[in-house]
Amino acid sequence: MTGTAPATFTADDYRARMERAARAAAEAGLAGLLVAPGPDLVWLTGYAPTAVTERLTLLVLTPGRTPVLVVPALEAPDAARAPGATALTPHEWTDGADPYAVTAALLDGTGRFGISDDTWAMHLLGLQRTLPGTSYACLTDALPMLRAVKDTAERELLAAAGAAADQAFEEIRKVPFAGRRESEIGAALAELLLRFGHSRVDFTIVGSGPNGADPHHEVGDRVIGLGDMVVLDFGGLKDGYGSDTTRTVHVGEPTEEERRVHDVVREAQEAGFRAVHPGATCQDVDRAARAVIADAGYGEYFIHRTGHGIGVTTHEPPYLVEGEEQPLVPGMCFSIEPGIYLPGRFGVRIEDIVTVTGDGARRLNDTTREMVIVE
Ligand code: ZN
Ligand code: ZN
Ligand code: ZN
Numbered sequence: 530m531t532g533t534a535p536a537t538f539t540a541d542d543y544r545a546r547m548e549r550a551a552r553a554a555a556e557a558g559l560a561g562l563l564v565a566p567g568p569d570l571v572w573l574t575g576y577a578p579t580a581v582t583e584r585l586t587l588l589v590l591t592p593g594r595t596p597v598l599v600v601p602a603l604e605a606p607d608a609a610r611a612p613g614a615t616a617l618t619p620h621e622w623t624d625g626a627d628p629y630a631v632t633a634a635l636l637d638g639t640g641r642f643g644i645s646d647d648t649w650a651m652h653l654l655g656l657q658r659t660l661p662g663t664s665y666a667c668l669t670d671a672l673p674m675l676r677a678v679k680d681t682a683e684r685e686l687l688a689a690a691g692a693a694a695d696q697a698f699e700e701i702r703k704v705p706f707a708g709r710r711e712s713e714i715g716a717a718l719a720e721l722l723l724r725f726g727h728s729r730v731d732f733t734i735v736g737s738g739p740n741g742a743d744p745h746h747e748v749g750d751r752v753i754g755l756g757d758m759v760v761l762d763f764g765g766l767k768d769g770y771g772s773d774t775t776r777t778v779h780v781g782e783p784t785e786e787e788r789r790v791h792d793v794v795r796e797a798q799e800a801g802f803r804a805v806h807p808g809a810t811c812q813d814v815d816r817a818a819r820a821v822i823a824d825a826g827y828g829e830y831f832i833h834r835t836g837h838g839i840g841v842t843t844h845e846p847p848y849l850v851e852g853e854e855q856p857l858v859p860g861m862c863f864s865i866e867p868g869i870y871l872p873g874r875f876g877v878r879i880e881d882i883v884t885v886t887g888d889g890a891r892r893l894n895d896t897t898r899e900m901v902i903v904e
């Protein structure tokens with residue numbers, strides 16, 4: 530996975546992030562962090578190779594030492610243009626060399642390292658073979674909150690991505706739904722996200738009628754008809770930061786039951802939002818939203834966690850789920866997205882991205898949470 534690094538951040542910003550990551554690694558008892566191309570590398574250095582190949586590229590962060598980027602010689606000029614390049618030392622290797630031996634020379638041969646989740650297995654196995662005394666932990670397991678607290682510039686980028694997704698919703702609600710396939714509405718949503726400044730569309734879920742009761746449904750060939758509830762969940766990356774919002778619309782006049790279910794989800798989403806303040810935990814937010822749905826008698830139909838973090842990816846820690854006792858900290862950004870899914874009938878989900886403030890929370894999505902009636 531690659532992403533476009535936002536131009537907003539300077540080499541000093543990336544230097545500070547790398548220093549913070551190395552410090553956090555030391556505090557967690559790790560000898561260092563190893564980061565392959567992917568969202569962690571984008572966040573730490575601004576570097577996203579255009580193609581991720583079998584040639585090893587690996588950022589080595591060791592507490593108290595200058596960061597080193599192990600990089601294939603032919604990729605080095607590209608890496609040198611990354612905004613964080615001046616904050617690290619490139620360590621080139623050429624075809625024919627053993628990149629694991631090259632990396633091993635930089636590492637404590639008996640250390641335990643955090644390694645980015647999306648590092649290819651062949652690279653991790655190569656390192657283990659070369660340095661049998663080392664051990665490894667998934668970066669997300671070792672330092673789950675490393676990217677979770679967003680600075681001011683990051684929050685502004687997330688707010689701008691959210692505003693662009695909101696613009697896409699304001700346009701899609703005007704188009705006729707009845708008689709069109711889910712896939713057509715999905716394509717229109719993707720086009721709108723790009724028109725409003727996204728560089729990448731990650732998903733456009735259009736779940737009409739019974740398809741809305743399957744939270745994993747993306748788009749299908751089903752023709753949307755009068756009387757359908759339609760779950761619209763869409764997002765992607767704009768200037769390197771994510772959007773993700775859900776609104777559930779209805780084609781024509783809804784039934785009383787459809788209104789009631791939508792009201793319950795809206796109240797659950799509001800309760801989740803009100804539960805967000807510094808010092809509350811992730812599971813508190815899940816419990817607050819879930820209690821509203823359970824009290825209304827639909828508890829068994831809310832079949833997923835309440836939310837997930839968002840940043841340089843559209844899904845990342847923190848996760849708002851029972852058992853997650855991580856306290857909320859100002860600057861964290863995540864979704865609140867309760868839903869009710871009635872199998873074979875319809876589903877309703879409402880999702881906003883919110884950010885934790887000094888005394889509560891602020892929404893980064895602001896289209897109406899009332900049920901929108903479409904044609
Ligand atoms: Zn209906
Ligand atoms: Zn979503
Ligand atoms: Zn989401």
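Here the sequence shown is numbered in my numbering, starting from 530 and rising by one per residue.
Backbone N, C-alpha and C fix where the C-beta goes; we use that ideal spot for every residue, glycine too.
Bridge-paired residues (DSSP) for residue i
i                 : result
valine 794        : In DSSP, valine 794 forms no bridge with anything.
threonine 849     : Residue identity differs from the one stated: residue 849 is leucine in this sequence, not threonine. BP columns for leucine 849 point to Gly836.
alanine 890       : Val885
valine 877        : Ile869
isoleucine 902    : His779
tryptophan 622    : Pro601
leucine 563       : Val589, Ile644
glycine 925       : The requested residue 925 is not part of the displayed model; the chain covers only 530 to 904.
leucine 761       : Val735, Arg776
phenylalanine 863 : Gly838, Val883
proline 856       : Thr810
valine 752        : Arg710
Where residue i falls, given that 16 or more other Cβ within 10 Å makes a residue buried
i              : result
cysteine 667   : exposed
aspartate 541  : exposed
aspartate 569  : buried
alanine 611    : buried
methionine 530 : Low local confidence applies: a pLDDT of 37 at methionine 530 is under 50, so the model's placement there is unreliable, with the coordinate-based value given in what follows. Exposed, by the Cβ-count rule.
methionine 651 : exposed
threonine 775  : buried
valine 794     : buried
isoleucine 902 : exposed
lysine 679     : buried
leucine 654    : exposed
glycine 638    : exposed
leucine 606    : Contrary to the premise, residue 606 reads as proline rather than leucine in this sequence. Label assigned to proline 606: exposed.
glycine 593    : exposed
alanine 534    : The pLDDT assigned to alanine 534 is 49, lower than 50, so where the model puts this residue is not dependable; a value taken from the coordinates is nonetheless given after this. So alanine 534 ends up on the buried side.
glutamate 583  : exposed
glutamate 866  : buried
glycine 532    : Per-residue confidence for glycine 532 stands at a pLDDT of 45, beneath the threshold of 50, marking its modelled position as unreliable; no derived number is given.
leucine 603    : exposed
serine 864     : buried
arginine 788   : exposed
valine 748     : buried
serine 664     : exposed
alanine 634    : exposed
alanine 694    : buried
proline 705    : exposed
glycine 838    : buried
threonine 843  : buried
glycine 808    : exposed
valine 790     : buried
threonine 586  : buried
Where the beta strand (DSSP E) through residue i begins and ends
i              : result
proline 606    : Here proline 606 belongs to no beta strand (DSSP E); instead the alpha helix (DSSP H) covers 605 to 609.
isoleucine 701 : Isoleucine 701 -> not in any beta strand (DSSP E); alpha helix (DSSP H) instead, spanning 681 to 701.
threonine 733  : 729 to 737
tyrosine 665   : 664 to 667
N- and C-terminal bounds of the alpha helix (DSSP H) containing residue i
i              : result
glycine 808    : Glycine 808 -> no alpha helix (DSSP H), and no H or E assigned at all.
histidine 745  : Per DSSP, histidine 745 belongs to no alpha helix (DSSP H) and is neither H nor E.
threonine 774  : Per DSSP, threonine 774 belongs to no alpha helix (DSSP H); it is in the beta strand (DSSP E), 774 to 780.
aspartate 569  : 568 to 574
alanine 630    : 628 to 633
alanine 551    : 540 to 556
glutamine 657  : 650 to 659
isoleucine 714 : 711 to 724
Checklist entry - Do the region 704 to 719 and the region 745 to 756 touch if we need at least three Cβ pairs shorter than 8 angstroms? => result By the Cβ criterion, the region 704 to 719 is in contact with the region 745 to 756, since at least three pairs of Cβ atoms, one from each stretch, lie closer than 8 angstroms.
Next on the checklist: Using a strict less-than 6 angstroms threshold between each residue's beta carbon and the heavy atoms of ligand 3, what residues do you get?
Outcome noted: Going along the chain, the residues that qualify are Asp773, His837, Ser864, Glu866, Glu880.
Next on the checklist: Can you confirm whether the region 724 to 737 touches the region 655 to 669 when touching is taken to mean that 3 or more C-beta pairs between the two stretches lie within less than 8 angstroms?
Outcome noted: Segments in contact, no.
Checklist entry - Does the region 867 to 877 come close enough to the region 885 to 893 to have 3 or more Cβ pairs within less than 8 angstroms? => result No, because fewer than three Cβ pairs between the region 867 to 877 and the region 885 to 893 fall closer than 8 angstroms, the two stretches do not touch.
Next on the checklist: Does the region 807 to 824 come into contact with the region 777 to 788, if we say contact requires no fewer than three beta-carbon pairs (one atom in each stretch) closer than 8 angstroms?
Outcome noted: Touching, no, given that fewer than three Cβ pairs across the two stretches are closer than 8 angstroms.
Next on the checklist: For the region 544 to 555 against the region 619 to 630, do three or more pairs of beta-carbon atoms, one drawn from each stretch, fall closer than 8 angstroms, so that the two count as touching?
Outcome noted: Flag = no, the region 544 to 555 and the region 619 to 630 do not touch.
Checklist entry - Are at least three pairs of beta-carbons, each pair with one atom in the region 571 to 590 and one in the region 714 to 723, less than 8 angstroms apart? => result Contact check between the region 571 to 590 and the region 714 to 723: fewer than three CB pairs, one atom from each, fall below 8 angstroms, which does not count as touching.
Checklist entry - If you pair each beta-carbon of the region 790 to 808 with each one of the region 760 to 769, do three or more pairs fall below 8 angstroms? => result At 8 angstroms Cβ cutoff, the stretches do not touch.
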